[in-house]
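Take a look at the structure set out below.
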Amino acid sequence: MRFVDEFRDADKAKALLAEIGTVAAKAADRMGRPANIMEVCGGHTHSIFRYGIGDLLPKSIELVHGPGCPVCVLPMGRVDDCVAIAEQPGVIFATFGDAMRVPGSKKSLLQAKAEGSDIRMVYSPLDALALARANPDREVVFFGLGFETTMPSTAMTVLQAAADGTKNFSLICNHITIIPTMKAILDDPGLQLDGFLGPGHVTMVIGLEPYEFIGATYNKPVVIAGFEPLDVLQSVWMVMQQLSQGRAVIENQYGRIVPKGGNPVARDAITRVFELRDFFEWRGLGSIEHSGVKMRAAYAQFDAERRFSVPDVKVADPEACQCGDVLKGIIKPRQCRVFGTACTPETPLGALMVSSEGACAAYYQYGPRAGDEPEKANAA
Amino acid sequence: MCLGIPGQIVAITDASRGLATVDVAGVKREISVAFVRNADEAVEQLIGAWVLVHVGFAMSRIDEDEAAETLKILSELGEVAQETEAMRASGRA
Ligand code: SF4
Chain V
1 MRFVDEFRDA
11 DKAKALLAEI
21 GTVAAKAADR
31 MGRPANIMEV
41 CGGHTHSIFR
51 YGIGDLLPKS
61 IELVHGPGCP
71 VCVLPMGRVD
81 DCVAIAEQPG
91 VIFATFGDAM
101 RVPGSKKSLL
111 QAKAEGSDIR
121 MVYSPLDALA
131 LARANPDREV
141 VFFGLGFETT
151 MPSTAMTVLQ
161 AAADGTKNFS
171 LICNHITIIP
181 TMKAILDDPG
191 LQLDGFLGPG
201 HVTMVIGLEP
211 YEFIGATYNK
221 PVVIAGFEPL
231 DVLQSVWMVM
241 QQLSQGRAVI
251 ENQYGRIVPK
261 GGNPVARDAI
271 TRVFELRDFF
281 EWRGLGSIEH
291 SGVKMRAAYA
301 QFDAERRFSV
311 PDVKVADPEA
321 CQCGDVLKGI
331 IKPRQCRVFG
341 TACTPETPLG
351 ALMVSSEGAC
361 AAYYQYGPRA
371 GDEPEKANAA
Chain H
1 MCLGIPGQIV
11 AITDASRGLA
21 TVDVAGVKRE
31 ISVAFVRNAD
41 EAVEQLIGAW
51 VLVHVGFAMS
61 RIDEDEAAET
71 LKILSELGEV
81 AQETEAMRAS
91 GRA
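Chains as they are written, first to last, in this note's numbering: chain V, 1 to 380; chain H, 1 to 93.
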């Protein structure tokens with residue numbers, strides 16, 4: 001067992017793994033094949049690789065890494081729009097550090113910065129607003145991205161800017177929303193999923209109710225999971241328990257952080273500022289209906305897409321890049337033809353190699369190297 | 001970006017805007033507590049409370065033991081240093 005002694009409570013981990021083995025056997029009997037469980041959130045992908053959880057699980061459970069890293073799914077055209085804004089004279093472009101290295105069709109924000117654009121890494125959208133206050137003669141544009149975890153914070157920052165009458169602050173909104181995304185995954189005829197580990201921190205905002213249709217309509221269990229390795233193991237056990245009993249409901253393993261009803265104040269900030277886009281383009285997945293949000297007309301003056309001219313062109317992913325197949329679980333990262341050669345964390349070709357929450361970067365950092373060690377399917 | 005980190009609210013800096021000072025593993029910074037304050041109580045009631053902090057906003061109240069455990073695990077993972085460094089470096093050119 002690779003990392004089990006590093007767990008906070010190795011005995012508990014071993015006990016959980018034993019129990020998972022028992023229910024997995026029952027589920028396999030029932031289903032007649034291995035169970036595919038998707039972790040939707042990049043935070044889980046990170047924990048799973050950091051602790052080698054995939055290797056610890058019985059062969060009858062396969063973890064499929066979902067499109068849950070908001071940095072990973074940004075299409076090149078959106079990065080190009082950001083670069084175009086950042087390159088305009090007088091602009092200070094503020095972004096989370098994670099987004100700096102995502103490749104655009106010509107360059108990333110990091111390259112634009114090296115060429116002289118004023119691009120600053122911020123920890124919080126509030127820091128971008130503070131930059132606007134400190135630089136009244138400059139235009140400060142914040143790169144808003146992420147699921148419902150970060151969406152309320154961006155919304156609240158816009159509301160604050162509006163209340164203060166700040167004139168030189170705007171947002172380029174690339175926020176995406178989890179439920180339409182999961183629905184698109186569920187509707188994909190090629191996908192073979194039996195259950196989900198649900199995103200802990202998104203659910204802390206949206207609550208449990210929005211997931212109910214997944215059990216009711218698609219007959220798949222969802223367990224909202226925490227990010228520690230023991231949380232992940234316990235959540236896998238809860239999904240397998242449901243599968244072995246033929247149940248499919250939404251359950252909450254992460255109750256210490258996630259209240260059943262979510263955070264209504266945060267949701268209110270979201271609905272005041274944002275509305276659904278008809279479609280949003282994802283890297284590798286194409287266009288997904290209602291999967292992104294844009295700013296309401298009432299906040300047009302804070303909308304960078306209305307204030308600046310942006311190229312707004314769709315750019316196809318590079319020919320060699322197979323991010324889409326990885327995101328859909330059709331191939332494993334190492335099977336991509338450029339993995340570890342043309343595409344590495346230092347020079348990412350596809351977005352899944354950019355942040356440690358992306359499946360390819362996680363494989364690169366923690367997974368067995370090609371030829372080194374057999375894939376789990378062949379391992380003892 | 002999405003993981004978040006526990007911190008303790010140590011002072012209220014701007015009650016009307018809902019801003020407070022939070023202590024995250026010894027690093028202090030201003031965050032918004034707008035999402036965790038109760039409409040019917042004074043914002044000062046939050047002093048001493050532990051919260052999960054995401055990109056400069058308190059998103060959820062947590063109990064102290066839970067906060068300590070989470071901090072311990074995150075620091076073993078090297079994530080605390082990453083997060084506090086991002087807080088310190090924020091906004092610099
Ligand atoms: S190796 Fe690179 S190009 Fe291939 S799927 Fe992964 S991120 Fe995309």
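Just so you know, even glycine gets a beta-carbon here, dropped at the ideal spot from N, CA and C.
Burial state of residue i, where buried means 16 or more other Cβ atoms lie within 10 Å
| i | result |
| --- | --- |
| Gln-365 (chain V) | exposed |
| Lys-332 (chain V) | buried |
| Asn-174 (chain V) | buried |
| Thr-70 (chain H) | buried |
| Asn-378 (chain V) | Its pLDDT being 37, under 50, Asn-378 (chain V) is placed unreliably by the model, and nothing is read from it. |
| Ala-380 (chain V) | Reliability of the predicted coordinates at Ala-380 (chain V) is poor, the pLDDT of 32 falling under 50, and no value is obtained from them. |
| Ala-15 (chain V) | exposed |
| Gln-45 (chain H) | exposed |
| Asn-38 (chain H) | exposed |
| Ala-134 (chain V) | exposed |
| Glu-373 (chain V) | For Glu-373 (chain V), the predicted model reports a pLDDT of 41, less than 50, meaning its position is unreliable; a value from the coordinates is still stated below. It is exposed - the Cβ of Glu-373 (chain V) has fewer than 16 other Cβ atoms within 10 Å. |
| Gly-26 (chain H) | exposed |
| Ser-16 (chain H) | exposed |
| Gly-371 (chain V) | Residue placement at Gly-371 (chain V) is flagged as unreliable, the pLDDT there being 39, under the threshold of 50; a coordinate-derived value is accordingly withheld. |
| Arg-78 (chain V) | buried |
| Arg-29 (chain H) | buried |
| Asn-219 (chain V) | exposed |
| Gly-104 (chain V) | buried |
| Pro-311 (chain V) | exposed |
| Ala-320 (chain V) | exposed |
| Val-10 (chain H) | exposed |
| Ala-361 (chain V) | buried |
Distance cut-off 8 Å: residue i Cβ against heavy atoms of ligand 1
| i | result |
| --- | --- |
| Ala-351 (chain V) | yes |
| Phe-339 (chain V) | yes |
| Pro-333 (chain V) | yes |
| Pro-348 (chain V) | yes |
| Gly-358 (chain V) | yes |
| Ala-298 (chain V) | no |
| Ala-94 (chain V) | no |
| Gln-322 (chain V) | yes |
| Cys-343 (chain V) | yes |
| Cys-336 (chain V) | yes |
Opening and closing residue of the alpha helix (DSSP H) in which residue i lies
| i | result |
| --- | --- |
| Gly-21 (chain V) | 10–31 |
| Ser-47 (chain V) | 42–50 |
| Gly-200 (chain V) | 200–206 |
| Glu-79 (chain H) | 79–89 |
| Cys-385 (chain V) | The displayed coordinates of chain V run from 1 to 380. Any statement about residue 385 (chain V) would go beyond what the structure contains. |
| Lys-332 (chain V) | That residue, Lys-332 (chain V), is in no alpha helix (DSSP H); it is neither H nor E in DSSP. |
| Gly-77 (chain V) | 76–86 |
| Asp-127 (chain V) | 125–134 |
| Ile-185 (chain V) | 178–187 |
| Glu-212 (chain V) | 212–218 |
| Thr-149 (chain V) | Taken as a continuous stretch (DSSP letters only), Thr-149 (chain V) belongs to no alpha helix (DSSP H), as it is neither H nor E. |
| Asp-268 (chain V) | 264–273 |
| Val-236 (chain V) | 229–245 |
Supposed contact pair residue j and residue i - C-beta distance, whole angstroms, cut 8 Å
| i | j | result |
| --- | --- | --- |
| Ile-53 (chain V) | Val-232 (chain V) | 6 Å |
| Val-381 (chain V) | Gln-192 (chain V) | There is no way to answer for residue 381 (chain V), as the model of chain V reaches only from 1 to 380. |
| Ile-85 (chain V) | Phe-308 (chain V) | 5 Å |
| Gln-160 (chain V) | Leu-129 (chain V) | 6 Å |
| Val-40 (chain V) | Leu-276 (chain V) | 19 Å between Cβ atoms; not a contact. |
| Cys-72 (chain V) | Leu-349 (chain V) | At roughly 13 Å, the Cβ-Cβ gap does not stay under 8 Å, so Cys-72 (chain V) and Leu-349 (chain V) are not in contact. |
| Ser-60 (chain V) | Ala-28 (chain V) | 4 Å |
| Leu-3 (chain H) | Gly-43 (chain V) | 5 Å |
| Val-158 (chain V) | Tyr-299 (chain V) | 6 Å |
| Pro-221 (chain V) | Val-239 (chain V) | 5 Å |
| Glu-212 (chain V) | Ile-250 (chain V) | 6 Å |
| Ala-49 (chain H) | Pro-6 (chain H) | The pair is not a contact, with the Cβ atoms about 11 Å apart (cut-off 8 Å). |
Closer than 8 Å: residue i CB and nearest ligand 2 heavy atom
| i | result |
| --- | --- |
| Asp-325 (chain V) | This structure lacks ligand 2; the ligands present are ligand 1. |
Host beta strand (DSSP E) of residue i (start-end)
| i | result |
| --- | --- |
| Ala-58 (chain H) | 57–62 |
| Asp-14 (chain H) | 5–14 |
| Glu-95 (chain V) | The identity of residue 95 (chain V) in the sequence shown is Thr, whereas the question assumes Glu. 91–95 is the extent of the beta strand (DSSP E) around Thr-95 (chain V). |
| Glu-289 (chain V) | 286–289 |
| Phe-279 (chain V) | 279–282 |
Are there three or more Cβ pairs, one per stretch, closer than 8 Å when the segment 271–290 of chain V is compared with the segment 319–326 of chain V?
Result yes; three or more Cβ-Cβ pairs closer than 8 Å.
Mind the definition here: the segment 71–88 of chain H touches the segment 245–259 of chain V only if three or more C-beta pairs lie below 8 Å; say whether that holds.
The segment 71–88 of chain H and the segment 245–259 of chain V do not touch, with fewer than 3 CB-CB distances between them shorter than 8 Å.
Do three or more CB pairs link the segment 147–159 of chain V to the segment 267–276 of chain V at distances below 8 Å?
Yes, since at least three Cβ pairs between the segment 147–159 of chain V and the segment 267–276 of chain V fall closer than 8 Å, the two stretches touch.
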